[in-house]
Every structure is written in C-alpha cells, then in structure tokens.
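One structure is given here, and the rest of the page talks about it.
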Amino acid sequence: MQDKTHLVDEITGHRRMRRNRKADWTRRLVQENRLTVDDLIWPVFIVPGSNIIEPIPAMPGVNRMSVDRLVEAAKEAADLGIPAIATFPNIEMELRDETGSNALEANNLINQATIAVKKAVPNIGMITDVALDPFTSHGHDGILRGDEIVNDETVEQVVRAAILQAEAGSDIISPSEMMDGRIGAIRRGLDAAGHQNVGIMAYATKFSSGYYGPYREAISTAGLLKGDKNSYYISPANGMEAIRDAALDVEEGADMLMVKPGLPYLDICWRLKENFGLPTFAYQVSGEYTQIKAAAMNGWIDGERVMMETLLCFKRAGCDGILTYFAIEAARKLAKG
Ligand code: PBG
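Just so you know, we're using the working numbering here: the sequence shown kicks off at 5 and counts up by one.
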C-alpha cells in the first residue's frame, strides 16, 4: 500500500528528514561528529611494587598496575595511537599523612611512573594530577586544619608538587583539587622553575558527585574520607557558577579545560566550549564506566555500543577529547573500523 503522501506532505511540506538517513552512504556523508583515537586519554592506576596487575572490583576490566606493567600498558596505548595517559597513584597507607607530604617527594610513585613511561614510551603524553587526595590520611584533596580544607596552604603545596611532576617529565599538570587561585599559582611556579612548556589542564568544573565512588576504591580513599567535598567542589545544581569558576581558570592561564563527571554534565561541556573556545575535555569518571559495565555484564545493555555512543556524545557536546577508562577498548574497536 502507498503512504498517504498527501496527508503527510500537508504537515511537513517538502521537509523530509529521512532523505539524508536513507542509506549508509548518505548517513556517512552527513555525519557531523566522529570519534577517533586522537580523542582518547586513558586514566590509569599505579601501585608500588613490580609485576603487579590487580583488578579493581568496582571497575570490572580496570587494573591497578605496578610501574613496570604500566610501561607495557603505555606502549600498547601508544601503539594504538592513544595520545596521552593520566596517572593516579594508590600509595601505601603508611605514607599517607595529614598534609599529604608524600606529594612533595621527588621520587614518589606518580613521579616514578612518569620517569619510567617517558623513558620507555617517549611519544605518549603524560598528564599528572596534583590533588592531594592520594597522599592524605583523610582522603581530602587539600590540607585539613580543624575541619577546614585550607585553600592557600594547599595551593602552595600543589605548586611544589606540580614542579616536581614537571621535573619528572610530566607534559600536562592537571589540578583536580578545586582550590581557588591554583591555576595562576601553578603557572607562575612552573614558569619560575623553567617549565614554560609544561601545560595545565584545569579541572575547571569539578562537581561534587556520587559518580566518584569506584575511583575512591581504586586509590583506597573510600574508607578514609571524613565528610564530603562540598566545600570545594561545585554543586551539581549550579551551571552559571561553574562557568564563572572556569572563567577564572582561563584568566589564570589554563591551556585546556576539563569537565568532570562527563555525561551528566554535557551542558557544561557545551557552555565552556562556546564561552572560551579552549580545548575542552570531559572526564567520563569511574561511576559512569561502572554503570555501563555493570548493565552490560547483566546483559541489560549492549556495553560496546553504549560505550561508543557515550564517547561520540561528548564530541557532539563540543569536547575535543575524553578521559575514559574505556580508552583501550574503544581504541581497539576504532582500529578494527
Ligand atoms: C580527586 C579525584 C577524584 C577523581 C579523580 N581525582 C574525585 C574524588 O575522589 O573526589 C575521580 C575520578 C573518577 O571517578 O574516575 N582529586
């Protein structure tokens, strides 16, 4: 039977969206956004010791790796064409203290990893985080005095940690602790120490989110954390505040901006890109990864399809790239075509 064309056309006129969708070749021709391996940054967890690959129960498929195994993994990432990795250390409990002093050890775990990867895999970018949470005995991102995370003292320490990370060979410093004034302070500190070529990816808008749960298990801060991070992370309710916070980072000299978590905050990605035009990244965080994995493991969704869909959606929302635990899996899939 024929469509009742005259009825449809009365409503649509000559507009028929499906003409461009009719065949694989038209769909390819009109495709607006594409995910490539160049868009992927792989966050990795490091542990002390050697020859260790330790699964993280709350993040199926993600492991903590000792530095030697990380070097191998970084080689694989580079071979797949992944531009950069971002490292997060899970250090010994004995090394954690009130002020996160291990962050100021030149030879701490994160710097060891940078040195080893840079030596063995010079063509992969190293992005290192300077928040203090992997180093503090209370799991907060800054220095705790009484019941306050003190801003300026934390910034001073973060600047010193950033210089040590740059000295170890880090290419991009990414401060995730959301202290005020840190971007400018880090920029000045790096420059004064001769690290003009080390960039800053500002966790410009980091929200106080429930999606970080599995990460806190991965670096063993879940059991340590006293209270919440609401006095320094942004409330999920606030979009304008997030833009104002990012504006300060831009003024202070951020080279790149990041939004974290990712998918629930795509509006923020779009607004940052529109407002500032800087390279803008989303961090598809641990809880986002785990949601997809858990549903896929139950057979409730097609995990691979949802993985690729979410990554593409970041591109549509204006992101230049995505930090994602799916990086290797997605890169392999992209390589297969
Ligand atoms: C803290 C930090 C967090 C993540 C990375 N660094 C958040 C937190 O623990 O509060 C989350 C990453 C993830 O969930 O994948 N500086």
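Here a beta-carbon is modelled for each residue, glycine too, at the ideal position from N, C-alpha and C.
Spatial distance of residue i from residue j (CA atoms)
i           : j           : result
residue 11  : residue 18  : 12 angstroms
residue 294 : residue 251 : 31 angstroms
residue 123 : residue 81  : 15 angstroms
residue 336 : residue 86  : 10 angstroms
residue 46  : residue 119 : 17 angstroms
residue 58  : residue 257 : 38 angstroms
residue 149 : residue 282 : 35 angstroms
residue 248 : residue 279 : 10 angstroms
residue 245 : residue 288 : 21 angstroms
residue 5   : residue 305 : For residue 5, the pLDDT reaches just 49, beneath the cut-off of 50, and the residue's location in the model is therefore unreliable, although a value from the coordinates is still provided. For residue 5 and residue 305, the distance between alpha carbons rounds to 36 angstroms.
residue 55  : residue 90  : 20 angstroms
residue 71  : residue 93  : 10 angstroms
residue 311 : residue 240 : 23 angstroms
residue 28  : residue 298 : 32 angstroms
residue 104 : residue 36  : 45 angstroms
residue 26  : residue 286 : 32 angstroms
residue 274 : residue 237 : 20 angstroms
Range of the contiguous beta strand (DSSP E) that encloses residue i
i           : result
residue 178 : 176-178
residue 132 : 129-133
residue 158 : It is not in any beta strand (DSSP E) - residue 158 instead sits in the alpha helix (DSSP H) that spans 155-172.
residue 22  : Premise fails: residue 22 is in no beta strand (DSSP E) and is neither H nor E.
residue 264 : 260-264
residue 287 : 284-288
residue 327 : 325-328
residue 209 : 203-210
residue 92  : 88-93
Given residue i as reference, the closest of the options once Cα atoms are compared
i           : options               : result
residue 157 : 132, 184, 131 and 174 : 184
residue 145 : 232, 98 and 338       : 232
residue 229 : 199, 334, 287 and 136 : 136
residue 202 : 299, 174 and 99       : 174
residue 38  : 340, 313 and 333      : 313
residue 108 : 338, 170 and 69       : 170
residue 113 : 68, 253, 27 and 307   : 68
residue 284 : 237, 30 and 269       : 269
residue 339 : 84, 163 and 292       : 84
residue 242 : 259, 271 and 254      : 271
residue 262 : 328, 198 and 309      : 328
residue 325 : 159, 277, 102 and 192 : 277
residue 267 : 227, 300, 323 and 132 : 323
residue 292 : 49, 15, 218 and 134   : 218
Cβ separation of residue i and residue j, assumed to be a contact under 8 angstroms, to the nearest whole Å
i           : j           : result
residue 315 : residue 330 : 7 angstroms
residue 166 : residue 187 : Rounded, the Cβ-Cβ distance is 10 angstroms, inconsistent with contact.
residue 110 : residue 74  : About 19 angstroms; that fails the 8 angstroms criterion.
residue 96  : residue 52  : 6 angstroms
residue 235 : residue 153 : 6 angstroms
residue 115 : residue 77  : Not confirmed; about 18 angstroms, so no contact.
residue 290 : residue 222 : 7 angstroms
residue 143 : residue 163 : Going by Cβ atoms, the distance from residue 143 to residue 163 rounds to 21 angstroms, so no, they are not a contact pair.
Range of the contiguous alpha helix (DSSP H) that encloses residue i
i           : result
residue 279 : 270-280
residue 115 : 113-124
residue 35  : No alpha helix (DSSP H) holds residue 35; DSSP gives it neither H nor E.
residue 62  : Residue 62 -> no alpha helix (DSSP H), and no H or E assigned at all.
residue 238 : Here residue 238 belongs to no alpha helix (DSSP H), and DSSP marks it neither H nor E.
residue 315 : 307-320
residue 149 : Here residue 149 belongs to no alpha helix (DSSP H); instead the beta strand (DSSP E) covers 147-149.
C-beta neighbour in chain D for residue i, strict 8 angstroms
i           : result
residue 122 : You won't find chain D in this structure, because it holds only one protein chain.
Are there three or more Cβ pairs, one per stretch, closer than 8 angstroms when the segment 20-33 is compared with the segment 48-67? With the cut-off at 8 angstroms, the segment 20-33 and the segment 48-67 do not touch.
Looking at C-beta atoms only, is the number of pairs between the segment 208-217 and the segment 109-129 that lie closer than 8 angstroms three or more? The count of Cβ pairs closer than 8 angstroms, one atom from the segment 208-217 and one from the segment 109-129, stays below three, leaving the stretches out of contact.
Assess contact between the segment 303-322 and the segment 33-50, defined as three or more Cβ pairs (one per stretch) separated by less than 8 angstroms. Is contact present? Result yes; three or more Cβ-Cβ pairs closer than 8 angstroms.
Three Cβ pairs or more, each shorter than 8 angstroms: is that satisfied between the segment 201-212 and the segment 171-181? The count of Cβ pairs closer than 8 angstroms, one atom from the segment 201-212 and one from the segment 171-181, reaches three, so the stretches are in contact.
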